[in-house]
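Oh and the sequence shown: position 174 is 174 in full-length UniProt numbering, straight run, nothing missing.
The beta carbon of each residue, even a glycine, is placed where N, CA and C say it ideally should be.
Predicted, not measured: the structure shown is a model, and the values here were computed from it.
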Amino acid sequence: MLRELYCYRLRRRLCTTQSTERATLRLVFNSGSHRSYITEEVCHKLSLRILGKKDLVIATFGNTGKRRQSCKIAQAVLETNDGNTLVLNLMVFPLICEPLVGVSLRDCIRGYDHLKDLDLADPGTNGDVIKLDILIGLDYYWDIVSGEVLRGDSGPTATYLSLGWLLSGPVASDSTTLVTYLQKFWEIESLGICEKESTLYDQFKKNVTFDGTRYEVTLPWREDVSSIPDNYQLSLKRLNGLLRRLRKNPTLLEKHNKAIVTQLDSGIVEVVENPTRTDIERVHNLPHHCVVRGDKETTKLRIVYDASTRSTGPSLNECLYVEPKFNQIIMELLVKFRVHKCAFIADIEKAFLMISVGKQDRDVLKLFG
Numbered sequence: 001m002l003r004e005l006y007c008y009r010l011r012r013r014l015c016t017t018q019s020t021e022r023a024t025l026r027l028v029f030n031s032g033s034h035r036s037y038i039t040e041e042v043c044h045k046l047s048l049r050i051l052g053k054k055d056l057v058i059a060t061f062g063n064t065g066k067r068r069q070s071c072k073i074a075q076a077v078l079e080t081n082d083g084n085t086l087v088l089n090l091m092v093f094p095l096i097c098e099p100l101v102g103v104s105l106r107d108c109i110r111g112y113d114h115l116k117d118l119d120l121a122d123p124g125t126n127g128d129v130i131k132l133d134i135l136i137g138l139d140y141y142w143d144i145v146s147g148e149v150l151r152g153d154s155g156p157t158a159t160y161l162s163l164g165w166l167l168s169g170p171v172a173s174d175s176t177t178l179v180t181y182l183q184k185f186w187e188i189e190s191l192g193i194c195e196k197e198s199t200l201y202d203q204f205k206k207n208v209t210f211d212g213t214r215y216e217v218t219l220p221w222r223e224d225v226s227s228i229p230d231n232y233q234l235s236l237k238r239l240n241g242l243l244r245r246l247r248k249n250p251t252l253l254e255k256h257n258k259a260i261v262t263q264l265d266s267g268i269v270e271v272v273e274n275p276t277r278t279d280i281e282r283v284h285n286l287p288h289h290c291v292v293r294g295d296k297e298t299t300k301l302r303i304v305y306d307a308s309t310r311s312t313g314p315s316l317n318e319c320l321y322v323e324p325k326f327n328q329i330i331m332e333l334l335v336k337f338r339v340h341k342c343a344f345i346a347d348i349e350k351a352f353l354m355i356s357v358g359k360q361d362r363d364v365l366k367l368f369g
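Following this line, the structure appears as structure tokens:
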């Protein structure tokens with residue numbers, strides 16, 4: 001099936017160090033470039049301060065020849081999400097590359113759980129003509145990239161920069177997406193549970209218990225899973241990246257800490273009493289990040305645990321069976337709901353977090369708090 005590849009690009013405000021001129025520009029990140037560049041058009045438009053000139057030796061892709069070119073060095077200021085600024089010394093060049101055709105990244109990533117609810121730096125629009133104004137190379141790349149990465153079983157990878165979440169990697173092409181939509185349509189329209197799903201459902205009903213406060217379940221492990229990586233170093237690295245980002249926004253850091261403490265007080269998470277135990281069959285650490293939703297009346301900051309992350313082996317999601325489709329049961333519930341003249345409805349706060357995991361499986365749900 002055809003695949004399409006997306007690169008790091010986003011829209012960001014840029015201003016000059018010597019006036020109030022500002023503009024929202026399109027940036028692209030290229031870790032294969034030693035230097036960062038800006039187009040002559042933008043440099044002139046913002047009246048950027050010129051620091052001097054430098055001779056470059058240019059070798060382009062697919063061309064064995066080299067040429068020298070004298071470039072001006074312009075100074076500009078990049079505004080980041082947390083309100084800070086980064087001063088950039090950029091090489092002025094006539095053109096970064098030919099205009100690109102834009103696509104809606106929101107449409108492309110629909111269906112990838114690890115990218116759900118991400119605040120994309122540049123959602124994009126189908127059919128837009130995208131003119132790249134700035135190329136960020138290795139001289140400023142790691143001043144902007146935080147190191148926090150979200151990877152799923154398939155689809156694009158999300159990287160957090162001080163400018164927002166950026167995507168790179170493959171997504172399904174239109175033809176592939178159409179097939180997927182049709183498959184999902186028939187799966188939704190069909191009623192009943194297949195034989196394999198019926199076995200999983202019977203096992204689930206047998207293992208679920210109620211302790212008077214919460215329902216408790218076990219994880220549906222696949223029979224062919226022999227081991228799972230502990231993800232310790234990966235989770236620790238993700239935590240350090242998250243903390244670096246949160247420390248730049250004390251208010252967000254406080255909300256994140258409050259969310260963790262609330263989950264601890266509510267019994268949703270618990271402290272690991274003996275983290276160095278070696279007699280446990282399966283141990284796995286889950287990275288996490290926070291999602292801020294300003295449009296929500298409650299739970300504006302939500303902690304998201306990433307079970308799709310993999311390092312040296314399969315992710316936790318790959319080790320578990322996917323839940324059965326309960327179309328038949330849902331239909332029965334809807335019919336019963338309509339039998340009576342009056343009905344009461346209510347919202348269960350943090351409903352999924354009210355379900356407890358059996359003690360035998362809790363060591364694969366460890367996290368750094």
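Determine the extent of the beta strand (DSSP E) in which Q75 is found, giving its start and end residues.
Here residue 75 corresponds to residue number 75 of the sequence shown, with the count starting at 1. 67-79 is the extent of the beta strand (DSSP E) around Q75.
Tell me whether M331 is buried or exposed, calling it buried when 16 or more other Cβ atoms sit within 10 Å of its Cβ.
Sequence index remark: in the sequence shown, residue 331 carries index 331 (1-based). By the C-beta density criterion, M331 is exposed, having fewer than 16 other C-beta atoms within 10 angstroms.
Confirm, please, whether the CB-CB distance from E98 to R238 is below 9 Å.
Counting from 1 along the sequence shown, the entry for residue 238 is found at position 238. Counting from 1 along the sequence shown, the entry for residue 98 is found at position 98. In this structure, E98 does not lie closer than 9 Å to R238 by Cβ.
Going by the DSSP bridge assignment, what does D55 pair with across the sheet?
Counted from its first residue, the sequence shown places residue 55 at position 55. In DSSP, D55 forms a bridge with S70.
So, at 7 Å on beta carbons, what are the nonlocal neighbours of R222 in its own chain, with the 5 sequence-adjacent residues on each side left out?
In the sequence shown, counting from the first residue as 1, residue 222 sits at position 222. Result list for R222: C319, L320, Y321, in chain order.
Closest by CA to R68, which one among K53, L78, L86?
Here the question's residue 68 lines up with position 68 in the sequence shown. Cα-wise, what sits closest to R68 is K53.
Label Y160 either buried or exposed according to how many other C-beta atoms from any shown protein chain fall within 10 Å of its C-beta, with 16 as the threshold for buried.
By 1-based counting over the sequence shown, the position of residue 160 is 160. Buried.
8 Å Cβ shell around S227 - same chain, five flanking residues per side excluded
As a first step, residue 227 is located in the sequence shown; it is residue number 227 there, counting from the start. Result list for S227: R282, G313, in chain order.
Short Cβ contact (9 Å threshold) for L86 with I144:
To locate residue 86, count along the sequence shown from 1; it is residue 86. To locate residue 144, count along the sequence shown from 1; it is residue 144. Yes, they are a contact pair.
From which residue to which residue does the alpha helix (DSSP H) around H44 run?
For this step, residue 44 is matched to residue 44 along the sequence shown. It spans 40-45 - the alpha helix (DSSP H) in which H44 sits, taken as one unbroken run.
Please tell me whether I73 and L90 are closer than 9 Å, where the distance is taken between their beta carbons.
On the sequence shown, residue 73 is found 73 positions in, with the first residue counted as 1. On the sequence shown, residue 90 is found 90 positions in, with the first residue counted as 1. Yes; because the gap between Cβ atoms is below 9 Å, this pair is in contact.
Quick one: is V28 buried, meaning 16 or more other Cβ sit within 10 Å of its Cβ, or exposed?
Within the sequence shown, the letter at position 28 stands for residue 28. The residue is buried, with at least 16 neighbouring Cβ atoms inside 10 Å.
May I ask you to report which of helix, strand or coil DSSP gives P250?
Here residue 250 refers to the residue found at position 250 when the sequence shown is read from its first residue. Residue state, collapsed to three classes: helix.
Who does S168 pair with in a DSSP beta bridge?
Your numbering for residue 168 matches position 168 in the sequence shown. S168 is bridged to T157.
Cβ of V269 within 9 Å of Cβ of I260?
Start at 1 with the first residue of the sequence shown, and residue 269 comes out as number 269. Start at 1 with the first residue of the sequence shown, and residue 260 comes out as number 260. Closer than 9 Å, so yes.
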